[in-house]
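Trainee: One structure, as structure tokens, below. Some questions next.
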Amino acid sequence: MPPTGNCSAMMDGVTAATGERKIGQKRNGLIALVVSCAMILLFLLYVGPKLGEHIPLFQPVAQYIEEHDIEANMYFYTEVEEFSDAQVNMINTMTHRPGRKTAGKP
Amino acid sequence: MAENQKSATENEQVVMDRGTSRLSDLWKKEDYWAIWLGFLLLVMGLIIYVPRAPDGMQANFDKANATLAAESSRAPFKTIAWYQAVDAKKKLKATNAPVGKWIKNFTNKPHGWKTNPLDAFYMSKANADAKNAAAMPKYDAAKAKAADSLAFAKEAEAAAAAAGFSDAALNAKAVDAIDDWRGAQKKASSAKKKTSAKPYNQIPHLIGLMILMIVFFGIGWKVMGKSFPKFAKGFVFVFFIAILAYVAAGQATAKQYGIGYAAWAILFGLIISNTVGTPKWVTEAVQVEYYIKTGLVLLGAEILFGKIIAIGIPGIFVAWVVTPIVLVTTYIFGQKIVKVPSKTLNITVSADMSVCGVSAAIATASACRAKKEELTLAVGLSLVFTSIMMIVMPAFIKAVGMPHVLGGAWMGGTIDATGAVAAAGAFLSDRALYVAATIKMIQNVLIGVIAFLVAVYWVAKVDATPGQRVPLSEIWHRFPKFVLGFIVASILFSIIYQNMGSDAGYTLLDQGAIRGMSRIFRGWFFCLAFTSIGLATNFRELKEYFSGGKPLILYVCGQSLNLILTLTMAYIMFYLVFPEITAGI
Chain G
56 MPPTGNCSAM MDGVTAATGE RKIGQKRNGL IALVVSCAMI LLFLLYVGPK LGEHIPLFQP
116 VAQYIEEHDI EANMYFYTEV EEFSDAQVNM INTMTHRPGR KTAGKP
Chain A
9 MAENQKSATE NEQVVMDRGT SRLSDLWKKE DYWAIWLGFL LLVMGLIIYV PRAPDGMQAN
69 FDKANATLAA ESSRAPFKTI AWYQAVDAKK KLKATNAPVG KWIKNFTNKP HGWKTNPLDA
129 FYMSKANADA KNAAAMPKYD AAKAKAADSL AFAKEAEAAA AAAGFSDAAL NAKAVDAIDD
189 WRGAQKKASS AKKKTSAKPY NQIPHLIGLM ILMIVFFGIG WKVMGKSFPK FAKGFVFVFF
249 IAILAYVAAG QATAKQYGIG YAAWAILFGL IISNTVGTPK WVTEAVQVEY YIKTGLVLLG
309 AEILFGKIIA IGIPGIFVAW VVTPIVLVTT YIFGQKIVKV PSKTLNITVS ADMSVCGVSA
369 AIATASACRA KKEELTLAVG LSLVFTSIMM IVMPAFIKAV GMPHVLGGAW MGGTIDATGA
429 VAAAGAFLSD RALYVAATIK MIQNVLIGVI AFLVAVYWVA KVDATPGQRV PLSEIWHRFP
489 KFVLGFIVAS ILFSIIYQNM GSDAGYTLLD QGAIRGMSRI FRGWFFCLAF TSIGLATNFR
549 ELKEYFSGGK PLILYVCGQS LNLILTLTMA YIMFYLVFPE ITAGI
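Those protein sequence lines, which keep their order, are chains G and A. Mapped onto the numbering used here, the consecutive letters of the first sequence carry residue numbers 56 to 161. Mapped onto the numbering used here, the consecutive letters of the second sequence carry residue numbers 9 to 593.
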């Protein structure tokens, strides 16, 4: 059955309200996206480094990581150069271990 | 079987698919495509790198080994010549061949940066020169200090040698002087790297890599009867977010806090899906399982069993006895005491905490059909605790005066993420780093065994009807087939490594097919998988899995047990059972 005049107007109103709501949701979503990205940048460029300065334990480790360019945020041993060094050293330590006990070292 | 036939909607939520066996599975299922694609890359890696041994490789090995043999019988400690011979071996890498350098450039993730994100993609010659010039004074100073330290170490070693290496005080003085020289040399080497920046433009390479990956994954997608154009269109977006994740992970602060690409990929995906929403045209390429399974087959090749035997018996005890005990105890504790509502969440968090963080979580979650939210939660927990432990543990070890070998073993066995282990270990000393890295590598090898056992346990027990014995054929139907690819890759590469021997294995396999091929693509595939997880996850759904803070309680209790048991076992092995090995490290 075709909609009556009143019903059609009502549907138009509902469609318009839905459309407005969708536009509002999109706008809010976009704002939230921009704010989130800004917060991430703020953390990386300002808050993170400043926070680190105020944590006494953090500073020396952070400095060491930066100085030696250690990939401290990697997940597997093949991704970290230091593991490659350690592996070669340990294999050679096991196969060519110095003959006598090292004096004076723990 | 009935339990295995879940609805399509439910299956979209898990990290693996349904298990039914037909011949057409070989080309119609992701599990098999993950195996074919993974092995294609692995075979390519072998073909490219194994025939490209550096010039005079064997002669160099022979020379270095002769020096090592002579020095180890001459002195009771590692002499300067001993270290120099090891350094000479380290330099021999198949990836240094022109083709290796080309592959590295082409597949490279965005570069590291500090304040300007554009540095991740582009650096002009003028900027590179300016950067090098700025770093030069520090390098000159470090180089001079390293030269002085070497001269002093030579003097101290000569004095010890003159006394026939029988004067304990002179030996100790020489060991200290050599340690100082190693430290100074390391600093000089790091400073030198900062003076050798070259101009780059990563953008064309990233576009090329994206096209390559579209074709790579798209072929399988098409054969599985899905739309290639839709996949290609969506992949551009997923790949772009993955690049952003790598850019964030490459920033100096992110490195210092130990926040890696997986965490950033999830975060960026979550932000998009929960703000503007994941565009519909992207969903065809949001394929967590496809990427993760292919990455896991590649990961298998990086798990070399033979290597662990070569790098230390005490480490095997620490990692292979303590880790399974902690894993099983934490899982039982989670079921009986904490009452974690989901068994898959329980085992994923337990493996994540006891083995090696994100890599173990990925493998275990995939093997037991964990939901993507459960994997996300495990990764989040690991991230937070890794950052804390990376800072606190070295400080504690220093404060209490714990021997660095013991401290290294403790950190290697308990800090989740591998990169954080390297940072914490190196921060303490070279000795601590070597031991920590050894323990962590041995733990890494456990991933394969654990993934296999979890997959078998899940199909045979957890997913089975209570009280019913599951026949072997049924286990085969249900078994996640990509795990077989993972295990076969591991066994195959372990055999090749073993046959080559540790020297050639390091040069051609470790620093060739693995680091020059498998590692690069595996990193990208995991990053794409975590981006997909974020893009398909709703914050509210994620919150439900954290209800009552049970995963956190599980993690904290499990990690506390891990800390106690690892320290105890490390002390027993390194100081009571194998003190001679400890003294030689």
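Note that the Cβ used here is the ideal one computed from N, Cα and C, for glycine as well.
How would you call G:M94, buried or exposed, if buried means at least 16 neighbouring beta carbons within 10 angstroms?
Mentor: Within the first sequence, the letter at position 39 stands for residue 94 of chain G. Looking at its Cβ environment, which holds fewer than 16 other Cβ atoms inside 10 Å, G:M94 is exposed.
Trainee: Name, please, each residue of chain G whose Cβ falls closer than 8 Å to the Cβ of A:I267.
Mentor: Working through the second sequence from its first residue, we reach residue 267 of chain A at position 259. Under the 8 Å cutoff, chain G gives N128.
Trainee: Counting C-beta neighbours from all protein chains within 10 Å, is the total for A:R8 16 or more, i.e. buried, or is it exposed?
Mentor: Not covered by the structure: residue 8 of chain A. The range shown for chain A is 9 to 593.
Trainee: Between the Cα of A:P411 and the Cα atoms of A:A578, A:L454 and A:K351, which residue gives the shortest distance?
Mentor: Sequence index remark: in the second sequence, residue 411 of chain A carries index 403 (1-based). Taking only the C-alpha atoms, the option nearest A:P411 is A:A578.
Trainee: From what residue to what residue does the alpha helix (DSSP H) around A:Y91 run?
Mentor: Residue mapping note: residue 91 of chain A aligns to position 83 of the second sequence, counting from 1. First-last of the alpha helix (DSSP H) with A:Y91: I88 to K98.
Trainee: Would you kindly check if the distance between the Cβ of G:I120 and the Cβ of A:A431 is under 9 Å?
Mentor: Along the second sequence, one-based indexing puts residue 431 of chain A at 423. Along the first sequence, one-based indexing puts residue 120 of chain G at 65. In this structure, G:I120 lies closer than 9 Å to A:A431 by Cβ.
Trainee: Could you round the C-beta distance between A:A375 and A:L383 to whole angstroms and report it? I think they count as a contact, below 8 Å.
Mentor: Position 367 of the second sequence, counting from 1, holds the residue named residue 375 of chain A. Position 375 of the second sequence, counting from 1, holds the residue named residue 383 of chain A. Actually they are not in contact, since the Cβ atoms of A:A375 and A:L383 sit about 12 Å apart, beyond 8 Å.
Trainee: Alpha carbon to alpha carbon, how far is A:I355 from A:K380?
Mentor: The residue you call residue 355 of chain A lines up with position 347 of the second sequence. The residue you call residue 380 of chain A lines up with position 372 of the second sequence. Their backbone Cα atoms lie some 14 Å apart in a straight line.
Trainee: Using a C-beta cutoff of 9 Å, does G:E108 count as contacting chain A?
Mentor: The count along the first sequence starts at 1 and reaches residue 108 of chain G at position 53. Answer no: the Cβ-Cβ gap between G:E108 and chain A never drops below 9 Å.
Trainee: Give me the residue from G:R152, G:H151 and G:V102 with the minimum Cα distance to A:Q264.
Mentor: The residue labelled residue 264 of chain A in the question sits at position 256 within the second sequence. For A:Q264, the nearest C-alpha among the options comes from G:V102.
Trainee: Determine whether the Cβ of G:G84 lies closer than 9 Å to any Cβ atom of chain A.
Mentor: Taking the first sequence and counting its residues from 1, the one referred to as residue 84 of chain G is at position 29. Yes, G:G84 counts as interfacial toward chain A.
Trainee: With contact counted as at least three CB pairs below 8 Å, one residue from each stretch, are the segment 271 to 282 of chain A and the segment 539 to 551 of chain A in contact?
Mentor: yes
Trainee: Evaluate A:L529 with the Cβ neighbour count: other Cβ atoms within 10 Å of its Cβ, from every protein chain shown; 16 or more gives buried, anything less gives exposed.
Mentor: Locating residue 529 of chain A in the second sequence gives position 521, where the first residue counts as 1. According to the sequence shown, residue 529 of chain A is Phe rather than Leu. Classification for A:F529: buried.
Trainee: Three-state secondary structure (DSSP) at A:Q259?
Mentor: In the second sequence, the residue the question calls residue 259 of chain A occupies position 251. The answer is strand: DSSP assigns A:Q259 an E or B state.
Trainee: Which bits of chain A does G:Y70 rub up against, with CB to CB less than 7 Å?
Mentor: Mapped onto the first sequence, residue 70 of chain G falls at position 15. This sequence places Thr at residue 70 of chain G; Tyr is not what is there. None at all; the shortest Cβ gap to chain A is about 21 Å.
Trainee: How would you call G:P161, buried or exposed, if buried means at least 16 neighbouring beta carbons within 10 angstroms?
Mentor: Along the first sequence, one-based indexing puts residue 161 of chain G at 106. Confidence at G:P161 is low in this model, with a pLDDT of 32, below 50, so its placement is unreliable and the value that follows should be read with caution. With fewer than 16 other Cβ atoms within 10 Å, it is exposed.
Trainee: Which word fits A:E310, buried or exposed, when buried means at least 16 other C-beta atoms lie within 10 angstroms of its C-beta?
Mentor: For the purposes of this step, residue 310 of chain A is taken as the residue at position 302 of the second sequence. A:E310 is buried by the Cβ-count criterion.
Trainee: Relative to the C-alpha of A:V305, which residue among A:K489, A:A102, A:F404 and A:A89 is closest?
Mentor: To locate residue 305 of chain A, count along the second sequence from 1; it is residue 297. A:V305 has its Cα closest to that of A:K489, out of A:K489, A:A102, A:F404 and A:A89.
Trainee: Is it buried or exposed for A:L517, if we count other Cβ within 10 angstroms and need 16 for buried?
Mentor: Stepping through the second sequence from its first residue, residue 517 of chain A is reached at position 509. A:L517 is buried by the Cβ-count criterion.
Trainee: Run through DSSP, which three-state label would A:Y465 get?
Mentor: Taking the first residue of the second sequence as 1, we reach residue 465 of chain A at position 457. A:Y465 falls in the helix class under three-state DSSP.
Trainee: Within the segment 330 to 408 of chain A, note down every full alpha helix (DSSP H) run reaching 4 residues or more, in order along the chain.
Mentor: 331 to 341, 351 to 359, 366 to 375 and 380 to 408
Trainee: Taking A:R477 and A:I593 to be in contact with their CB atoms under 8 Å, please state how far apart those CB atoms are, rounded to whole angstroms.
Mentor: Translated into the one-based positions of the second sequence, residue 477 of chain A becomes position 469. Translated into the one-based positions of the second sequence, residue 593 of chain A becomes position 585. Rounded, the Cβ-Cβ distance is 49 Å, inconsistent with contact.
Trainee: Under three-state DSSP, which class holds A:N113?
Mentor: Taking the second sequence and counting its residues from 1, the one referred to as residue 113 of chain A is at position 105. In the structure shown, A:N113 sits in a helix (DSSP, three-state: H, G or I).
Trainee: Taking the alpha-carbon of A:M361 as reference, which of A:P62, A:F236, A:Y147 and A:N452 has the nearest alpha-carbon?
Mentor: Taking the first residue of the second sequence as 1, we reach residue 361 of chain A at position 353. It is A:N452.
Trainee: Mapping the DSSP letters down to three states, classify G:M145 as helix, strand or coil.
Mentor: The residue you call residue 145 of chain G lines up with position 90 of the first sequence. DSSP places G:M145 in helix when its eight states are reduced to three.
Trainee: What are the residues that DSSP puts in a beta bridge with A:N209?
Mentor: Counted from its first residue, the second sequence places residue 209 of chain A at position 201. In the DSSP assignment, A:N209 forms a beta bridge with A:Y130.
Trainee: With distances taken from CA atoms, which of A:W44, A:V585, A:V51 and A:L48 is nearest A:G320?
Mentor: Working through the second sequence from its first residue, we reach residue 320 of chain A at position 312. For the residues A:W44, A:V585, A:V51 and A:L48, the minimum Cα distance to A:G320 belongs to A:V585.
Trainee: Roughly how many angstroms separate the alpha carbons of A:I589 and A:I249, rounded to a whole number?
Mentor: To locate residue 589 of chain A, count along the second sequence from 1; it is residue 581. To locate residue 249 of chain A, count along the second sequence from 1; it is residue 241. It is roughly 47 Å from the alpha-carbon of A:I589 to the alpha-carbon of A:I249.
Trainee: Is A:P332 close to chain G, meaning its C-beta is less than 9 Å from at least one C-beta of that chain?
Mentor: For the purposes of this step, residue 332 of chain A is identified with residue 324 of the second sequence, where counting begins at 1. Not closer than 9 Å to any Cβ of chain G, the Cβ of A:P332 fails to qualify, so no.
Trainee: Counting beta carbon pairs with one atom in the segment 132 to 146 of chain G and one in the segment 276 to 289 of chain A, are three or more of them shorter than 8 Å?
Mentor: no
Trainee: Counting contacts by CB-CB distance shorter than 9 Å, is A:V305 in contact with chain G?
Mentor: In the second sequence, residue 305 of chain A corresponds to position 297, counting from 1. For A:V305, the answer is no, since every Cβ of chain G falls outside 9 Å of its Cβ.
Trainee: Among A:G120, A:W44, A:K551 and A:G268, which one has its Cα closest to the Cα of A:V496?
Mentor: For the purposes of this step, residue 496 of chain A is taken as residue 488 along the second sequence, with counting starting at 1. Selected option, being the one with the closest Cα: A:W44.
Trainee: For A:N452, go through chain G and note every residue whose CB falls closer than 8 Å to its CB, in chain order.
Mentor: The residue given as residue 452 of chain A occupies position 444 in the second sequence. Per Cβ cutoff of 8 Å: F131 and Y132.
Trainee: May I ask which residues mark the beginning and end of the alpha helix (DSSP H) holding A:R60?
Mentor: Taking the first residue of the second sequence as 1, we reach residue 60 of chain A at position 52. A:R60 -> no alpha helix (DSSP H), and no H or E assigned at all.
Trainee: Taking 8 Å as the threshold, find out whether the segment 180 to 188 of chain A comes into contact with the segment 153 to 169 of chain A through three or more Cβ pairs.
Mentor: Yes, since at least three Cβ pairs between the segment 180 to 188 of chain A and the segment 153 to 169 of chain A fall closer than 8 Å, the two stretches touch.
Trainee: Name the chain G residues that come within less than 7 Å of A:L100, Cβ to Cβ?
Mentor: As a working mapping, residue 100 of chain A is identified with position 92 in the second sequence. Simply none; closest approach about 10 Å.
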